[in-house]
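Undergrad:
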Amino acid sequence: MDILKIGGYASAICAILLLAKNIYEGVVVINNLNSTVISLNQEVVDLKINVEKTQKEISEFKKSFSELKIKLNELNKAFKQMKLEDEKQSNSIRSILRQLIINYTNDILDRQYIYNEEIYCLRQLYEGYALLGGNCTIEERVKEVIKLPAKAGLFNPNKQMIDKAIEEIKKIIQNNKGE
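Using the working numbering, the letters of the sequence shown map in sequence onto residues 468 to 646.
1) Tell me which same chain residues have a C-beta within less than 7 Å of the C-beta of residue 604, skipping the five on either side of it?
2) Terminal residues of the continuous alpha helix (DSSP H) containing residue 508?
3) By Cβ distance below 8 Å, which residues in the same chain neighbour residue 580 in space, the five residues on each side in sequence not counted?
4) How about residue 564 and residue 589: are their beta carbons less than 8 Å apart?
5) Hey, residue 568 and residue 592: beta-carbon distance below 8 Å or not?
6) Could you compute how far the alpha carbon of residue 544 sits from the alpha carbon of residue 553?
7) On a Cα-Cα basis, can you pick out the residue from 514, 613 and 566 that is closest to residue 578?
8) Pull up the distance between the alpha-carbon of residue 512 and that of residue 522, whole angstroms please.
9) Which word fits residue 601, buried or exposed, when buried means at least 16 other C-beta atoms lie within 10 angstroms of its C-beta?
10) Does residue 614 come out as helix, strand or coil in the three-state DSSP assignment?
11) Is the distance from the Cβ of residue 643 to the Cβ of residue 556 below 8 Å?
12) With a 10 Å radius around its C-beta and 16 neighbouring C-beta atoms as the bar for buried, classify residue 497 as buried or exposed.
13) Going by DSSP, name the residue or residues bridged to residue 582.
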């Protein structure tokens with residue numbers, strides 16, 4: 468065999484070895500790419516699961532938020548109803564106090580003097596009336612009566628009138644609770 472043939476065979480063998488080496492490296496790269504694709508595929512699956520969990524949590528949050536909104540609306544309605552009932556009671560009690568003060572001051576004006584203890588009682592009645600939003604007309608009437616000559620002595624307010632006013636206030640409160 469001549470040297471040229473041997474050199475040709477050697478070069479062919481080297482080319483085949485180089486080709487085998489390149490094929491092997493290509494297979495390694497393909498295996499690495501395949502592993503990367505499998506890993507990325509698993510990450511995509513995990514991401515999809517996380518997205519589904521997040522969507523479910525958002526859905527539950529929306530549901531909870533809607534329920535909270537409904538309860539808040541119910542509380543708001545209940546508060547408005549309580550406020551309305553409170554205003555009704557206040558108006559009724561203020562009317563009763565106004566009439567009580569008018570009747571009481573009429574009795575005092577008729578006799579043209581006031582007992583010292585009546586001044587205190589009248590002021591207490593007026594304070595309650597004013598707290599409920601009473602007007603200054605009654606205030607002027609109370610001031611007028613307090614200017615009358617004061618006497619020490621037995622204090623005997625019109626008990627029937629006061630008892631009647633208390634009973635009316637109790638009835639109003641009972642009626643408003645029943646509604």
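Built from N, CA and C at the ideal position, the CB exists for glycine as well. This one's a predicted model, so the numbers in the text were calculated from it and none came from an experiment.
TA: Let me spell this out:
1) none
2) 470 to 578
3) Contacts found: 615, 616, 617 and 618.
4) Cβ distance not < 8 Å, so residue 564 and residue 589 don't count as in contact.
5) yes
6) If I take the Cα positions, the gap works out to 14 Å.
7) 613
8) Looking at the two C-alpha atoms, the distance is approximately 15 Å.
9) So residue 601 ends up on the buried side.
10) Note: residue 614 maps to coil in three-state DSSP.
11) yes
12) exposed
13) 618
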